[in-house]
Amino acid sequence: MNDFKNIKEKYNSKLNSDLSLEDINQIKTELFGKNGLISSQFKNIASIPETERKKFASDLNQIKDGLQNLIIKKINEIEAKKINEKLENEKIDVTLPERSFVRGKIHPVSQTIDEISSIFSEIGFSVEEGPDIENEYNNFTALNTPDNHPARDMHDTFYLDDNKEILLRTHTSPVQIRTMIKDKPPFKIIAPGRTYRSDSDQTHAPMFHQVEGLYIDKDINMGHLKGCLNYFIKEFFEVKKIKMRFRPSHFPFTEPSAEVDIGYEIKDGKIVIGEGDQWLEILGCGMVHPNVLKNVKVNPTEYQGYAFGIGIDRLAMLKYGIKDLRAFFDCDYRWLNHFGFDPLDVPSNYRGLSR
Amino acid sequence: MKITFDWLKDHLVTKFKEDKLLEQLTNVGLEVESVENLSAGLDLFKIAKIIKIEKHPNADRLKVCEVDVGEKEIKKVVCGAPNAREGLITIYAPPGAVVPKSKTKLVVAKIREVTSYGMLCSESELNLSDESEGITELSSKKYEKSVGKSYFSKSNSNLIDLSITPNRPDCLGVRGIARDLAASGFGKLKNLKDKKIKSNIKQTIKVKINKEKNQACSSFGSCLITNVKNIESPKWLQDKLVSIGQKPISAIVDITNYVMFDINRPLHAYDVDKIDKGIVIRSSKSGEEFKALDNKIYKLDDGMCVISDRKGVLGLGGIIGGTRSGTEFDTKNILLESAYFEPRSIRYTSKKLNLETDAKFRFERGIDPLSIEDGLNKAALLIKEICGGEISKIDIKKIETRKVQSIKFNTDLFKKITGFKISTKEILKILEDLGFKIKKEKKYFKLTIPTWRPDILQEIDIVEELVRITGYDKIKIIEPIKQRTKSTLTQSQKLFHFLQRAIASKGYLEAITWSFTDSNYNDHFKNKNKEIKILNPISSELGVLRNSIFSNLIMYMNKNLDRGFKDLSIFEIGPIFIGSNPGEQNTVVCGLSSGKKQRLSWIEKERNVDLFDVKRDVVQTLSEAGYNSDKFFIDSETPNYYHPGKSGRLFLNSGKDQIAAYFGEIHPNIIKKIDIKTESLVGFEIFLDNLKLPKKKLKDQKNKFEVSDYQKSERDFAFIVNKEVKAQDLINAVLSVDQKLISNVKIFDVYEGENIPGNQKSIAISLTIQSFEKTLNDNDLEKINNLIIKTVENKTGAKIRS
Chain C
53 MNDFKNIKEK YNSKLNSDLS LEDINQIKTE LFGKNGLISS QFKNIASIPE
103 TERKKFASDL NQIKDGLQNL IIKKINEIEA KKINEKLENE KIDVTLPERS
153 FVRGKIHPVS QTIDEISSIF SEIGFSVEEG PDIENEYNNF TALNTPDNHP
203 ARDMHDTFYL DDNKEILLRT HTSPVQIRTM IKDKPPFKII APGRTYRSDS
253 DQTHAPMFHQ VEGLYIDKDI NMGHLKGCLN YFIKEFFEVK KIKMRFRPSH
303 FPFTEPSAEV DIGYEIKDGK IVIGEGDQWL EILGCGMVHP NVLKNVKVNP
353 TEYQGYAFGI GIDRLAMLKY GIKDLRAFFD CDYRWLNHFG FDPLDVPSNY
403 RGLSR
Chain P
15 MKITFDWLKD HLVTKFKEDK LLEQLTNVGL EVESVENLSA GLDLFKIAKI
65 IKIEKHPNAD RLKVCEVDVG EKEIKKVVCG APNAREGLIT IYAPPGAVVP
115 KSKTKLVVAK IREVTSYGML CSESELNLSD ESEGITELSS KKYEKSVGKS
165 YFSKSNSNLI DLSITPNRPD CLGVRGIARD LAASGFGKLK NLKDKKIKSN
215 IKQTIKVKIN KEKNQACSSF GSCLITNVKN IESPKWLQDK LVSIGQKPIS
265 AIVDITNYVM FDINRPLHAY DVDKIDKGIV IRSSKSGEEF KALDNKIYKL
315 DDGMCVISDR KGVLGLGGII GGTRSGTEFD TKNILLESAY FEPRSIRYTS
365 KKLNLETDAK FRFERGIDPL SIEDGLNKAA LLIKEICGGE ISKIDIKKIE
415 TRKVQSIKFN TDLFKKITGF KISTKEILKI LEDLGFKIKK EKKYFKLTIP
465 TWRPDILQEI DIVEELVRIT GYDKIKIIEP IKQRTKSTLT QSQKLFHFLQ
515 RAIASKGYLE AITWSFTDSN YNDHFKNKNK EIKILNPISS ELGVLRNSIF
565 SNLIMYMNKN LDRGFKDLSI FEIGPIFIGS NPGEQNTVVC GLSSGKKQRL
615 SWIEKERNVD LFDVKRDVVQ TLSEAGYNSD KFFIDSETPN YYHPGKSGRL
665 FLNSGKDQIA AYFGEIHPNI IKKIDIKTES LVGFEIFLDN LKLPKKKLKD
715 QKNKFEVSDY QKSERDFAFI VNKEVKAQDL INAVLSVDQK LISNVKIFDV
765 YEGENIPGNQ KSIAISLTIQ SFEKTLNDND LEKINNLIIK TVENKTGAKI
815 RS
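Put into structure tokens, the structure is as follows:
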């Protein structure tokens, strides 16, 4: 009995001192090894008188459990300490720069085209396209602009052949012609794309972007035209109210024709759309001329509707505060980075066009 | 078209002010381009006389002039004009005056040590003419007594510049503008009871319009004025012309100009004594020449409408007169011409000769054919009043009579087009005010079109007139209905948008460059395509349509490298051109990457960008777009602008497909020629039009969701193969064993060198074997292993490396 107590006390105190893992293993062997102090006591059980045996065994087990628990606790302590020491050593300067990640950008013109498409999608327009190289007929004649018409002077045209029959389209309006020849009315399309005029200075680029709109059905009138553009401008500039002015003008392919101005003012050097008493011209439009409809075999007494053409680059400049048109096509890395859009930023109606 | 409110008031009675005028002009479609206060500060410009001239002590070409400006003090002005001389009467601008042309404010300045008080002005500096050779010379007879007075007369009327659309020739005269304004309720059009020539004298110059094919002159009115004295115009006339920015020349010329601007009736005055016998209006013959009033000699083609006499061409009808018969101050007898020329012919001739004149601008848009007499009456009587002389009767030669143009108009059309209604009464009032004659028929009105409105041809034009005058603000907004019956984008448009953003998400900045390019750059990248020249490029550097996007991208990449950027990735999605007919274009996504990856990274190893970077971007993008990358087939046949050994071409499927993409290093020769300084330059092109659009939507293309939970086994193999054997062939051979069992095939090592024969390489492959039916036992696995080895050895000539 005393042996037990001695063992217990001796090892309790041993285990409470500062030990290494090796020391503990040594203690384990001393106690529970094949000939360990505790193990050998168990061997003795048989020689204990029966009356005392039960108590002996119970005491022995108690001591065994106590020591074992102590050992486990001690091992856990040491291991935890070891891990903590290790982690302490692994400490790193987390302010060092992260691994690099490069995401590209979407050009503001592309972003603007997506915004425009998204707005018109909502009111039922679908997107059409046409080639950059056009024939004289689609670009002018079919659009009621015959040769020797002074209106052609407004289009400085790039030609590809001596007969001046093949050219770079000067506007997106030939897509109207292509669409109407290809299908049957009603037509409700927009056609964004590249357009070309041999004109180059601070405010003109030889290539620019336009979006054409065309809506032909049985009873589409100027009120629909006004409503459509009013809606578009409000949505595009993401404002609740817009000041808009329809002004009579002339395009050979529409009659009556209008130019549309929007109200603006300059606040703190920035342009604010929808307020103020300055006017800015942003697009041309009108009711499709009966001659144009006849040219594409649509009966003008049965069908009528409107068309419009908007300069995309100019819209992008206004919305995103870009001052120089030429910079759009100059490919300056800094500019593209500054004005470009994250490719994940896809304009949509439910999420809003821009962030 | 430049006008002033004062001039408008010659034709219009109105109680409104100028700000309302500007608004109303815009409302009826006569867009106000600019408003300029011409007279502001102009009273500072004084008529002055040079009293004395001395040479500038420090400059050979400069003179120091003592100038009398009507004040006590004589002004000292330094002047460089060669025509500055003692006694000359000219125009002086004091310090503080703003020079009209340059808009600079004059200050007292020291010019080479001599102080100059103000400036003597040239006509060009005063916007009087283009004459900039010397200072203005004023006739001493007329201005001697005016020294010290302001040269410009005071006018409170602003110069209003209108942008007149090409359909409105009638508004190229002040009266036409007044008529529109009156119709819109801005005032009342004055009824001018113009006097008519009363004469018994016959017009004795014989005029003949040749009846020939495409004769552009259909009528020619003229009258003779004899014994005139051509002088400087009276002040009212000079002021009038100056007020709209015109320079007075002589009474006869000024009067014809005045009538043109006033009632849009171009006229021409000939010096009769310089005409050899009668006048013939005919088509020119190729090679004929004449000297025009702009002092240029024009060589004519066949078929241009000329006014001629026996000696030859006197002028181009409706465009410009000739110097031979021009009026001078000593002209005694004049023939006044007022004719009608066909717009098409005017335009053809002036385009061909590159000639712009006020008359041409008007005739090509269409002049009122009935204004011939009005013009002659008005001008001839004014000439008589100012220059004296005798006027003959008017002579009008015609080769055809114009029919009265009329159209039927149903008032219902107005509401149908505009969406709102105005009363018939209002409609009739507007049309009458605009000069239409109206006759009521059963269901419509018969409208006689005013002869000054060649733009009105059909009913819709009447609607335009009515809505324009009523005001576009009356059109009611009809809100659009939010309804979509057709999908917004087609599948190929969706693909375009997807690829655009997929490439951008891989680190490329989107650029938009011209569709044209420099042929020198294009030559590098045109491959087998033919060059497409632009006939009239804005510069030779933008002379051809691009056969590839690379030419522009590389040019701009180089500019950015010059800016000091090193590691750049840019791309463009857009057209390339393969022929010069509509539709001969392809849509391409083209990307370019330069420099290094991980440059100056503390954590990662830096390396040059290489072809496997761009290959990843191409393969990844295409597979994101929904194409199965397991089926991609790649070989190394690429255009000559790629590095022949380090570039590849990708097909969506092995087989008959068109080329989906190229990728690789740009050819070192091109890099050298263009002189691009970068460690590495790689690029790719994806051809959108060659990507077959799947018939099914992506969601319907997916296989059934099937996975195996049976145990899988990963195996490695190393094969020794000839160098020519492609990794792709090896992988295909492995997969051909059993696509259902074998997956996740990866090449984890490629080795050449020690222990491997010189013409061979070692390729190490890792793969996964897993069955959908059972757990494979050792026996099964061994069988598959052996089959893989055997198949690869058979198909590629490889040997398993033991």
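These protein sequences, in sequence, are chains C and P.
Going by my numbering, the first sequence opens with residue 53, and the numbers climb by one from there.
Going by my numbering, the second sequence opens with residue 15, and the numbers climb by one from there.
Cβ coordinates follow ideal geometry from the N, Cα and C atoms, glycine included.
Other residues of its chain near residue i: CB distance less than 7 angstroms, five sequence neighbours each side excluded
i              : result
K460 (chain P) : S420, K422 and K453
G55 (chain P)  : A111 and V112
A394 (chain P) : I211, C237, I239, L350 and I405
L775 (chain P) : It should be pointed out that residue 775 (chain P) corresponds to Lys in this sequence rather than to Leu. Cβ neighbours of K775 (chain P) beyond the five flanking positions: V735, K737, V764, Y765 and E766.
D475 (chain P) : D469
Identity of the residue in the options nearest residue i by Cα
i              : options                           : result
S359 (chain P) : P:Q229, P:D794, P:T810 and P:D743 : P:Q229
E555 (chain P) : P:K542, P:S529, P:I802 and P:D253 : P:S529
M274 (chain C) : P:P653, P:K310 and P:L427         : P:L427
S65 (chain C)  : C:F108, C:L119 and C:V312         : C:L119
S130 (chain P) : P:L142, P:Y157 and P:P108         : P:P108
L636 (chain P) : P:V78, P:I293, P:F585 and P:F512  : P:F512
E378 (chain P) : P:P468, P:E440, P:Q38 and P:P589  : P:P468
E738 (chain P) : P:D649, P:Q672 and P:N622         : P:D649
V350 (chain C) : C:T231, C:I135, C:I218 and C:E131 : C:T231
F450 (chain P) : P:F510, P:V418 and P:L503         : P:V418
D384 (chain C) : P:E302, P:V91 and P:T527          : P:T527
I802 (chain P) : P:F731, P:N550 and P:Q634         : P:F731
A62 (chain P)  : P:D144, P:V42 and P:K86           : P:K86
N97 (chain P)  : P:I149, P:D388 and P:Y535         : P:I149
Y372 (chain C) : C:D382, C:I362, C:H390 and C:R386 : C:H390
E264 (chain C) : C:L405, C:L388 and C:V340         : C:V340
K411 (chain P) : P:I293, P:L559 and P:I245         : P:I293
D33 (chain P)  : P:L173, P:I65, P:E100 and P:K155  : P:L173
Cβ distance (whole Å) where residue i is taken to contact residue j below 8 angstroms
i              : j              : result
L203 (chain P) : H25 (chain P)  : 6 angstroms
G521 (chain P) : V154 (chain C) : 4 angstroms
L702 (chain P) : L509 (chain P) : 6 angstroms
I563 (chain P) : V602 (chain P) : 6 angstroms
Exposure label - residue i; buried when at least 16 CB within 10 Å
i              : result
L614 (chain P) : exposed
R279 (chain P) : buried
P160 (chain C) : buried
E414 (chain P) : exposed
G588 (chain P) : buried
T353 (chain C) : exposed
Q3 (chain P)   : Residue 3 (chain P) is absent from the model: chain P starts at 15 and stops at 816.
Sequence-distant residues of the same chain with beta carbon closer than 6 angstroms to residue i, five excluded per side
i              : result
E356 (chain P) : A230
Q672 (chain P) : N704
Cutoff 8 angstroms; reference residue i; Cβ partners in own chain excluding five residues on either side
i              : result
N214 (chain P) : K407
T255 (chain C) : L377
A194 (chain C) : P226, I229, V344, N347 and V348
Can you find at least 3 beta carbon pairs, one from the segment 687-695 of chain P and one from the segment 570-581 of chain P, that sit closer than 8 angstroms? yes
Decide if the segment 236-248 of chain C is in contact with the segment 347-365 of chain C; the criterion is three or more beta carbon pairs, one per stretch, under 8 angstroms apart. yes
Do the segment 319-338 of chain P and the segment 162-173 of chain C make contact, defined as three or more Cβ pairs closer than 8 angstroms? no
Take every Cβ of the segment 318-329 of chain P, pair it with every Cβ of the segment 337-356 of chain P, and state whether three or more of those distances are shorter than 8 angstroms. yes
Interface residues of the segment 266-286 of chain C facing chain B [CB-CB below 7 angstroms]: No chain B is present in this structure, whose protein chains are C and P.
With three or more beta-carbon pairs closer than 8 angstroms as the criterion, would you say the segment 176-187 of chain P touches the segment 260-279 of chain P? yes
State whether the segment 243-250 of chain C contacts the segment 326-337 of chain C, with contact taken as three or more CB pairs (one from each stretch) at a distance under 8 angstroms. no
Kindly confirm or deny that the segment 532-542 of chain P and the segment 202-222 of chain C touch, where touching means at least three C-beta pairs closer than 8 angstroms. no
May I ask you to verify whether the segment 262-273 of chain P touches the segment 384-401 of chain P, counting CB pairs closer than 8 angstroms and requiring at least 3? yes
Meets three-Cβ-pair contact criterion under 8 angstroms: the segment 282-298 of chain P and the segment 151-168 of chain P: no
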